[in-house]
Amino acid sequence: MAASSSVLREREWLNVGGIERWASLAAGAGLLMAALSRRKPSSALGAVAGSALLFRGVTGHCPVNARIGRNTASQRTQVALGGSGGVHVKDSVTIDRPVDELFAFWRNFENLPRFMEHLEAVTATSPDRSHWVARAPAGMRVEWDAEIINEVGNQVIGWRSLPGSDVTSAGSVNFDDAGPGRGTRITVHLQYGPPAGKLGALFAKLFGEEPSQQIHEDLRRLKRLLETGEVPTTEGQPSGRPAGLSRGMLALRRKRQKRSPAATMVNAKPRRSA
1 MAASSSVLRE REWLNVGGIE RWASLAAGAG LLMAALSRRK PSSALGAVAG SALLFRGVTG
61 HCPVNARIGR NTASQRTQVA LGGSGGVHVK DSVTIDRPVD ELFAFWRNFE NLPRFMEHLE
121 AVTATSPDRS HWVARAPAGM RVEWDAEIIN EVGNQVIGWR SLPGSDVTSA GSVNFDDAGP
181 GRGTRITVHL QYGPPAGKLG ALFAKLFGEE PSQQIHEDLR RLKRLLETGE VPTTEGQPSG
241 RPAGLSRGML ALRRKRQKRS PAATMVNAKP RRSA
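Taking the numbering used here, I'd label the letters of the sequence shown as residues 1 to 274.
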C-alpha cells in the first residue's frame with residue numbers, strides 16, 4: 001500500500017510532458033553555461049532561469065503548471081489513444097456511487113474481469129504494471145503486459161500495453177461528478193491494435209464485429225455490480241447471486257455506514273465529498 005501511494009504521489013507531482021522536459025533541459029543547460037562563462041552580475045538572472053529550467057526538465061515538475069492546473073504529462077494518454085487503427089471504442093455510464101469508491105474499484109485492475117467478458121484475468125505485477133489475459137475462441141488465450149501512464153486521484157486512470165506485447169492496447173477512464181444526488185459518470189476509452197497473421201484473425205473473433213456494443217454491455221454489468229452487488233448474465237436478467245465486492249469497496253461502504261445511518265439502505269444517496 002505504501003509503495004502504491006508513493007507511485008500515485010509521484011504521478012501527481014509530474015506535470016511536464018516528455019518533449020517539454022527535453023526542451024527544458026537543453027534550454028536550461030544553455031542558459032546556465034552562458035551565464036557561468038560571462039561571470040558578470042547581469043548573468044545572475046540567466047543562471048537562475050537556467051537552473052529553474054534544469055529543475056523542470058530533471059524532475060518533470062513545474063511550479064507554474066501546478067499553480068494554474070496545467071499538466072502536459074497527462075497528454076501521454078492522449079498520444080497512446082490517438083491512432084485510428086484497430087478496435088477503437090468510447091462509452092460512458094452513470095453509476096450511483098461516490099467517485100472515490102469507483103476510482104478505488106477500477107484502480108485495482110484485477111477487478112476488471114468481473115464485468116469485462118473478454119478478460120479472463122488481470123494480475124498486478126507491480127504498483128503500476130499488470131499482466132492481462134483475454135479469452136479467445138477454441139479455449140485459446142491472448143496475453144499482454146500493461147503499465148499505468150497517467151493517474152490523477154478520483155479523476156483519471158490511463159494505461160497502455162508494454163512494447164513487445166502481442167496486443168498493442170491503450171485505455172483510459174475518466175471520473176466526473178454527475179450532479180447532486182446522481183452519482184458519478186465514468187467515461188471509458190479503449191483502443192486495441194490487432195496483431196498480424198493468424199493471431200490477428202483470432203483477435204478479430206475475440207472482440208467481435210461490434211466492439212462498441214461489447215463495451216456498452218460491460219459498463220452495464222459494472223453499473224449493476226456496483227449498485228446492487230449482482231452481475232446480469234443476459235439482457236434484463238441478473239445472475240441471481242451476489243457478485244461480491246472487493247475488500248476495499250466493502251471497507252469504504254462500512255466506513256460510510258458508520259458516518260451515516262442512511263448509507264445502510266441499498267438505494268441511499270451517499271454524501272458527496274468536495
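We treat Cβ as the ideally placed atom computed from N, Cα and C, and that holds for glycine.
Computed from a predicted structure; not experimentally measured.
Item to complete: Could you tell me which uninterrupted alpha helix (DSSP H) segments, each at least 4 residues in length, are contained entirely in the stretch 83-147, listed from first to last along the chain?
Response: 99-107
Discussion item. Looking at residue 291: is its Cβ nearer than 8 angstroms to the Cβ of residue 57?
Written reply: Absent from the structure is residue 291, since the part of the chain shown begins at 1 and ends at 274.
Worksheet item: Between 230, 214, 172 and 126, which lies nearest to residue 103 when the distance is taken from Cα to Cα?
Response: 172
Worksheet entry | residue 189 - partner residues in DSSP beta bridges | 90 and 172
Discussion item. For the pair the stretch 126-137 and the stretch 88-102, tell me if three or more CB-CB distances fall below 8 angstroms.
Written reply: no
Worksheet item: How about residue 122 and residue 109: do their beta carbons lie closer than 8 angstroms?
Response: yes
Fill in: Residue closest to residue 132, alpha-carbon to alpha-carbon, out of 184, 222 and 167
167
Fill in: Supposed contact pair residue 188 and residue 215 - C-beta distance, whole angstroms, cut 8 angstroms
6 angstroms
Item to complete: Out of 111, 53 and 148, point me to the one whose CA is closest to residue 225's CA.
Response: 111
Worksheet item: Run through DSSP, which three-state label would residue 165 get?
Response: coil
Worksheet item: Among all the DSSP beta bridges, which residues are the ones paired with residue 156?
Response: 152 and 174
Worksheet item: Buried or exposed: where does residue 183 fall if 16 or more other Cβ atoms within 10 Å of its Cβ makes it buried?
Response: buried
Fill in: For residue 36 and residue 312, the rounded distance between their alpha carbons
The structure shown has nothing for residue 312, since the chain only spans 1 to 274.
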